[in-house]
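In what follows, a single structure is set out as structure tokens and then discussed.
Protein chains: 4
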Amino acid sequence: MAGSIYGKLFTVTTWGESHGKGLGVVIDGCPAGIALSEEDIQIYLDRRKPGQNKFTTKRNEGDKVSILSGVFEGKTTGTPISLVVMNEDQKSKDYGSIAESYRPGHADYCFDEKYGFRDYRGGGRSSGRETIGRVAAGAVAAKVLKELGITLTAYTRAIGTIKVADDAIDLNMVNQNPLYMPNNTCAADAAAYLNEMMEKKDSVGSMVECIITGVPVGVGEPVFDKLDARLAQAVMSIGAVKAIEIGDGTAVVSSIGSDNNDNFYMDGDTVKKRTNHSGGTLGGMSDGSPILIRASFKPTPSIFQAQDTVTRAHEEIVMEIKGRHDPIIGPRAVVVVESMCAITVLDLLMQNATAKLDNLKRIYRS
Amino acid sequence: MAGSIYGKLFTVTTWGESHGKGLGVVIDGCPAGIALSEEDIQIYLDRRKPGQNKFTTKRNEGDKVSILSGVFEGKTTGTPISLVVMNEDQKSKDYGSIAESYRPGHADYCFDEKYGFRDYRGGGRSSGRETIGRVAAGAVAAKVLKELGITLTAYTRAIGTIKVADDAIDLNMVNQNPLYMPNNTCAADAAAYLNEMMEKKDSVGSMVECIITGVPVGVGEPVFDKLDARLAQAVMSIGAVKAIEIGDGTAVVSSIGSDNNDNFYMDGDTVKKRTNHSGGTLGGMSDGSPILIRASFKPTPSIFQAQDTVTRAHEEIVMEIKGRHDPIIGPRAVVVVESMCAITVLDLLMQNATAKLDNLKRIYRS
Amino acid sequence: MAGSIYGKLFTVTTWGESHGKGLGVVIDGCPAGIALSEEDIQIYLDRRKPGQNKFTTKRNEGDKVSILSGVFEGKTTGTPISLVVMNEDQKSKDYGSIAESYRPGHADYCFDEKYGFRDYRGGGRSSGRETIGRVAAGAVAAKVLKELGITLTAYTRAIGTIKVADDAIDLNMVNQNPLYMPNNTCAADAAAYLNEMMEKKDSVGSMVECIITGVPVGVGEPVFDKLDARLAQAVMSIGAVKAIEIGDGTAVVSSIGSDNNDNFYMDGDTVKKRTNHSGGTLGGMSDGSPILIRASFKPTPSIFQAQDTVTRAHEEIVMEIKGRHDPIIGPRAVVVVESMCAITVLDLLMQNATAKLDNLKRIYRS
Amino acid sequence: MAGSIYGKLFTVTTWGESHGKGLGVVIDGCPAGIALSEEDIQIYLDRRKPGQNKFTTKRNEGDKVSILSGVFEGKTTGTPISLVVMNEDQKSKDYGSIAESYRPGHADYCFDEKYGFRDYRGGGRSSGRETIGRVAAGAVAAKVLKELGITLTAYTRAIGTIKVADDAIDLNMVNQNPLYMPNNTCAADAAAYLNEMMEKKDSVGSMVECIITGVPVGVGEPVFDKLDARLAQAVMSIGAVKAIEIGDGTAVVSSIGSDNNDNFYMDGDTVKKRTNHSGGTLGGMSDGSPILIRASFKPTPSIFQAQDTVTRAHEEIVMEIKGRHDPIIGPRAVVVVESMCAITVLDLLMQNATAKLDNLKRIYRS
């Protein structure tokens with residue numbers, strides 16, 4: 030598979046380019062019997078929709094989703110679910126300079142070398158709009174997980190040097206500010222910093238964090254398909270992500286075993302951990318604690334300053350990028366991170382359903 | 030697949046438990062015509078072998094590999110390559126306490142919940158010995174890559190707070206010290222720190238870095254199978270890894286676009302980047318620069334201090350771990366990181382071979 | 030994957046129900062640089078289109094295909110190709126009896142047991158219209174194969190007891206009769222037989238054969254992914270197929286080695302076989318001879334006679350099926366068989382491109 | 030995957046050549062908690078063991094299996110099960126003529142073209158011994174299925190023109206004759222025919238049939254992973270198989286709908302079919318009736334008559350094959366067919382476990 034297919038049991042196939050006729054996803058393997066409406070999916074898509082505040086592009090897409098298959102009388106049938114968003118806003122324009130040059134920090138050069146040519150319109154397949162299919166599928170996965178008592182919450186943990194401290198996180202605030210930060214004061218500081226950088230025609234980096242609760246113990250496969258390994262691929266596959274951390278992440282390097290180990294204790298009949306340095310996984314399997322994953326996003330590569338680069342014809346030039354570009358990626362990627370985590374957890378949870386004979390007997394012998 | 034199979038074209042299936050009869054790997058899809066001997070593989074296995082210095086366990090395994098199939102007259106035949114290392118050192122001992130208790134920082138509890146019971150001998154499938162199969166396969170992948178001009182070099186970048194600075198890295202020193210650090214002075218400081226922690230019956234964290242050079246432009250698939258995403262899964266799937274960074278990694282959060290973008294220029298007829306903040310990938314495809322990946326390893330969970338935990342019978346206890354345990358994971362994992370990177374790069378390089386019609390014509394019409 | 034995804038490198042994901050909003054396919058892994066237009070695909074879809082003669086349903090679908098992604102400036106880009114056919118003809122009608130009863134020879138009962146309920150409109154996912162996605166993808170695969178000198182030709186070999194003899198096959202006649210038989214006289218006899226059975230409100234069985242020429246030697250993987258094994262899955266996965274034969278097929282049971290073996294000889298510098306009992310494969314790999322595969326289709330299960338069956342409520346009833354149903358499946362399935370063979374051959378041909386080091390060197394070192 | 034890996038959840042990876050050091054299989058995804066011993070597997074291997082009667086080769090292999098991983102305290106642990114059979118009988122001999130020539134009906138020529146060279150010893154990877162891994166895995170799959178009330182029985186249905194009639198099948202007789210036919214009279218006639226052909230230095234074709242009972246309704250995925258399609262790939266992937274039939278198989282071509290449809294009726298509370306022309310599948314899903322599959326095996330290609338062929342150097346020669354070769358393939362393949370069916374049914378049964386939300390709730394919410 031050439032990399033637009035993800036998941037083994039809950040399998041997601043995305044398609045579409047930024048300025049093509051549309052974008053979408055086909056979900057194969059969604060369990061039958063889930064109540065699903067276009068509204069369920071639209072809510073997620075609207076979270077990534079552009080043009081909602083001064084920090085996002087002015088492009089006004091309706092980004093309305095249609096369910097073309099796999100749902101009957103309001104419930105999933107178990108057959109493939111095809112979700113499509115048609116592109117409304119395809120103003121024909123001159124792509125000349127982008128078509129013939131390689132934007133720094135973008136994949137233009139790699140596409141030409143790999144495929145021989147590329148769809149240069151708005152970044153083609155590498156556009157942020159590619160995530161529409163991921164988010165539509167994530168909305169479905171989250172709906173299934175919710176039926177099993179599993180919830181996911183993502184937010185912008187840091188913008189530039191402004192980071193929300195562990196004890197300052199208030200999940201209720203995430204949707205109270207346009208930057209989806211779990212702290213309104215930090216969000217205000219970040220907004221000021223963003224304005225400053227926008228005036229300088231520059232862009233900034235950010236960090237997105239996702240908390241997953243309610244995952245039963247044992248989800249994830251030892252060895253290659255560890256829950257954290259699969260989450261790492263899933264979230265690192267989002268454009269502009271340069272680092273993935275689980276639990277304490279990079280901080281473990283300077284930690285010691287006696288601090289880093291999470292001691293077990295009994296909470297009534299339930300095994301629990303006194304701390305959660307592990308971020309909810311042990312040996313690649315969920316350990317019953319909240320699963321904590323962080324992604325570091327590079328600054329938006331499209332900036333409005335003059336930049337040195339080269340052309341397809343291998344001439345050195347100075348180029349200035351025009352058009353619509355967010356000065357930061359994280360806030361709009363919050364729902365994408367949440368979606369990729371939902372798809373991954375559901376996929377591994379479905380696989381885990383066949384881990385022992387008792388489970389098969391529960392389904393086939395009762 | 031229940032997670033012991035990795036790769037789509039160069040497919041690696043590992044098997045074996047710490048104290049079972051043996052461990053090994055089957056490689057399916059290795060191209061035919063590669064010169065391959067048991068020595069080629071033994072060299073890699075010896076790099077992860079225990080008992081080589083005071084910082085590694087005293088277990089004396091020969092860890093001698095046998096090639097059971099897929100090689101004829103010294104060359105790979107294109108059929109599956111089965112590599113086996115039999116366990117020599119299985120001293121029967123009393124596993125009672127480990128069998129009945131959940132070691133903090135280990136997967137014991139998760140295994141019991143997932144499968145109903147577990148092979149508790151030496152960590153079973155979650156033992157560091159599981160990596161024998163990975164390293165054996167990595168040796169083969171590295172041999173294929175070498176034929177294509179691609180090389181991989183991994184080393185211990187940091188131990189605790191002792192980190193080798195960018196300008197202090199000397200790859201010639203990596204094999205001059207038992208900690209595989211690219212700087213002998215740092216290695217000496219780290220050794221002193223390790224001794225101190227061992228006296229305190231504690232363990233320490235570490236960071237391993239891998240540089241991959243010679244990868245042609247365009248390797249890696251846009252969207253889910255990005256080169257960096259697949260490397261993230263591959264390396265995060267190594268036990269005890271809690272973070273993966275590509276290029277500048279987490280530092281991109283506090284960076285700005287005008288600094289983070291790598292400008293293109295012409296070096297003769299070749300497109301090059303003036304800097305390599307991206308770590309050798311753009312849009313998930315190799316960009317021709319060295320690929321740089323870092324992994325953060327948590328401190329060894331097995332420490333000799335008394336720790337609070339619970340039993341299978343859900344009683345709270347204080348346990349003391351006995352036996353042989355390294356105080357640090359990174360140095361012995363250096364070759365494992367290198368191996369997982371080699372397998373991943375080869376797998377995606379093989380997939381990339383069919384990316385355009387011209388390639389197929391070059392093979393089938395010439 | 031829940032079975033709507035096929036292929037490993039040229040990967041096809043189909044979706045859609047008979048009376049849903051539409052049907053389609055996403056192709057992931059199509060090589061870049063292939064000239065592709067909607068006309069290329071429409072030609073294939075029109076071959077399976079209903080309402081073209083008295084032996085096919087009266088349903089008048091335009092079945093017009095749209096390319097929504099993966100093609101830019103007339104050529105495939107290497108990114109996913111999304112092909113959609115919207116359903117025009119969804120006359121709302123009373124499905125009461127079909128909704129509540131299990132049609133003999135249909136999957137109604139199995140769907141209810143597997144998923145808990147089903148989309149009963151026109152057979153839902155099990156409708157013949159499901160093949161629209163297969164044929165659209167097959168058209169693309171055939172276009173790629175044509176660039177490599179590979180052609181596929183399918184036709185109706187037999188209808189009821191009327192079978193075209195080996196020496197009576199004239200491929201020029203295939204498109205000269207509405208039953209796609211390679212012999213107009215047989216086609217006339219078959220048409221008479223069909224009329225007779227239609228008057229009796231009955232249906233008939235048929236056999237479809239496909240010849241594939243120009244496949245280079247060595248395509249197909251030893252063991253599980255043999256070329257013939259993969260073709261068997263691909264063609265058996267078409268609704269109503271009950272048998273697959275390669276070369277001499279079932280006749281080998283009563284043959285002897287000295288007759289069945291195909292002797293090799295030299296035709297100039299080329300190794301050839303004097304006979305082709307093997308049907309173009311040896312040990313699961315293409316042997317350079319034409320590949321010959323046959324599929325046996327059961328009679329259309331929807332007949333207009335009264336039939337005994339049961340309801341969802343488990344009551345025995347006599348049901349009479351109404352509506353539009355072909356009295357035979359083979360002729361309209363000719364293009365579906367051809368499509369599944371094209372997808373399979375291309376998928377294995379792409380995989381074979383990495384079979385030996387020399388091939389990789391030809392792509393990466395030249 | 031280069032074709033030595035089969036299955037999506039119960040995944041089987043086979044390896045080994047006829048005259049290499051050994052052969053084996055790794056099973057990934059076997060549910061935990063199954064009682065499993067080497068004896069369980071040896072019983073299956075012994076059924077395919079050569080040297081048991083005058084119709085099989087004189088090669089005396091012990092073919093003793095060892096379980097190297099995945100079983101602890103007599104039960105499967107859920108981790109990979111590695112099964113190995115070492116080759117005892119590797120008498121060094123002169124393979125000169127086979128090494129330099131292409132045997133008619135064998136894959137020698139295709140291997141050379143695909144990989145550039147081949148392991149010519151005893152057919153290498155294409156030897157019948159390759160099935161050792163399949164049968165070892167099949168024994169494990171059958172043990173799991175037995176726990177769920179599913180049984181498989183295969184036998185030789187026909188040898189040459191001697192076919193056991195439907196009403197003459199007595200499953201009790203299958204193990205009463207060396208040809209594994211379900212009728213001792215037919216077996217005696219077949220033995221006489223075999224003797225006659227052996228005197229003529231010739232070989233004969235055969236047909237193997239497998240009956241699977243107890244499969245719950247709904248196993249198998251609509252579209253590409255239909256139960257019958259996957260069985261077709263699995264059984265067609267066995268060397269020398271040229272045709273696969275489900276239920277009435279090729280006979281459906283000359284049948285009519287009113288005869289071919291199986292009418293439903295109520296047997297108490299259970300939905301049943303009055304006939305089983307479908308062979309236990311409808312729309313690619315199990316329908317509750319016994320699953321019936323037939324495979325046609327070509328005559329053994331290795332015969333002792335002089336045959337025309339060519340050399341690697343492209344010279345035409347007359348060759349005479351020496352050594353040990355069965356005059357018929359079917360009887361020894363009976364257990365191989367049974368094994369491939371067991372692996373396939375279990376794999377799809379595990380996948381079906383996640384088909385609906387109710388199943389997931391039964392596992393995760395109870």
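So the sequence lines, in the order shown, correspond to chains A, B, C and D. Quick note on this note's numbering: the first sequence kicks off at 30 and runs consecutively. Quick note on this note's numbering: the second sequence kicks off at 30 and runs consecutively. Quick note on this note's numbering: the third sequence kicks off at 30 and runs consecutively. Quick note on this note's numbering: the fourth sequence kicks off at 30 and runs consecutively. For each residue, glycine too, the CB sits at the ideal point set by N, CA and C. Here the structure is a predicted model, which is why all the values come from computation and not from measurement.
Let me know the secondary structure DSSP gives Gln336(B) once reduced to three states.
strand
Taking the straight line between their C-alpha atoms, what separation do you get for Met295(D) and Gly308(A)?
54 Å
So for Phe293(C), helix, strand or coil by DSSP?
strand
Suppose contacts are defined by Cβ-Cβ distances below 9 Å. Is Thr108(B) in contact with Pro109(D) by that definition?
no
Could you check where the alpha helix (DSSP H) with Arg361(C) kicks off and where it finishes?
Gly359 to Asn381
So what's Cys59(B) in DSSP terms, helix, strand or just coil?
coil
Below 6 Å CB to CB, which residues in the same chain sit around Gln334(A) once its five sequence neighbours on both sides are set aside?
Lys230
Collapsed DSSP secondary structure at Glu238(D) in the structure displayed:
strand
Beta carbon proximity, Asn388(A) to chain D, threshold 9 Å:
yes
Alpha carbon to alpha carbon, how far is Ser95(A) from Gly99(C)? Give it in angstroms, no decimals.
20 Å
Under 8 Å Cβ to Cβ from Phe253(B), same chain only, skipping five residues before and after it: list those, please.
none
For a test of the three-state rule: what should DSSP assign to Met348(C), helix, strand or coil?
strand
Run through the DSSP bridge pairs and tell me what Ala64(B) is partnered with.
Lys104(B)
Classification of Ile275(D) by the beta-carbon crowding that lies within 10 angstroms, buried from 16 upward:
buried
Looking at Gly243(D) and Leu174(D), is the spacing between their C-beta atoms short of 9 Å?
yes
Please determine, among Leu52(D), Val233(D), Ile191(D) and Ser232(D), the residue with the shortest C-alpha to C-alpha distance to Thr214(D).
Ile191(D)
For Ser315(A), name the three-state secondary structure that DSSP assigns.
strand
Secondary structure of Ser186(C), DSSP reduced to three states
Note that residue 186(C) is Arg in the sequence shown here, rather than Ser. Looking at Arg186(C) - three-state DSSP - the assignment turns out to be strand.
Ile127(B) and Asp141(B) - do their beta-carbons sit closer together than 9 Å?
no
Cα-Cα, which of Thr373(B), Ala269(B) and Ile357(B) is closest to Ile320(B)?
Thr373(B)
Under 7 Å from the C-beta of Ser287(C): neighbouring residues of chain D:
Asp231, Ile332 and Gln334
Quick check: is the beta carbon of Gln380(D) nearer than 9 Å to any beta carbon in chain A?
yes
By how many angstroms is the C-alpha of Arg303(A) removed from the C-alpha of Thr338(B)?
10 Å
Taking 9 Å as the threshold (beta carbon to beta carbon), is Pro245(D) in contact with chain A?
yes
Residue span of the beta strand (DSSP E) that contains Glu142(A), given as start and end
Taken as a continuous stretch (DSSP letters only), Glu142(A) belongs to no beta strand (DSSP E), being part of the alpha helix (DSSP H) at Asp137 to Tyr144.
Inter-residue CB distance, Cys59(A) and Ile241(A) (contact presumed, cutoff 8 Å):
With 8 Å as the limit, Cys59(A) and Ile241(A) do not qualify as a contact, their Cβ atoms being about 19 Å apart.
Residues of chain D with CB closer than 8 Å to the CB of Arg394(A), please, in chain order.
Leu177 and Gly178
Closest by CA to Gly359(A), which one among Ser235(A), Ile179(A) and Phe101(A)?
Ser235(A)
Under 9 Å, CB to CB, which of the residues in the stretch 356-383 of chain C have a partner in chain B?
Leu378, Met379, Gln380, Asn381, Ala382 and Thr383
Straight-line CA distance for Arg163(A) to Lys93(A)?
15 Å
Assuming Leu375(B) and Phe39(B) make a contact with CB atoms under 8 Å, what is their CB distance in whole Å?
5 Å
Leu97(B) at chain D interface by Cβ criterion, 9 Å:
yes
Looking at C-beta atoms only, is the number of pairs between the stretch 219-228 of chain A and the stretch 183-200 of chain A that lie closer than 8 Å three or more?
yes
Taking a cut of 7 Å between CB atoms, which residues from the stretch 98-112 of chain D lie near chain A?
Gly107 and Thr108
Nearest by alpha-carbon distance to Ser284(D): which of Val54(D), Arg132(D) and His306(D) is it?
His306(D)
Thr214(B) (DSSP reduced to helix, strand or coil)
helix
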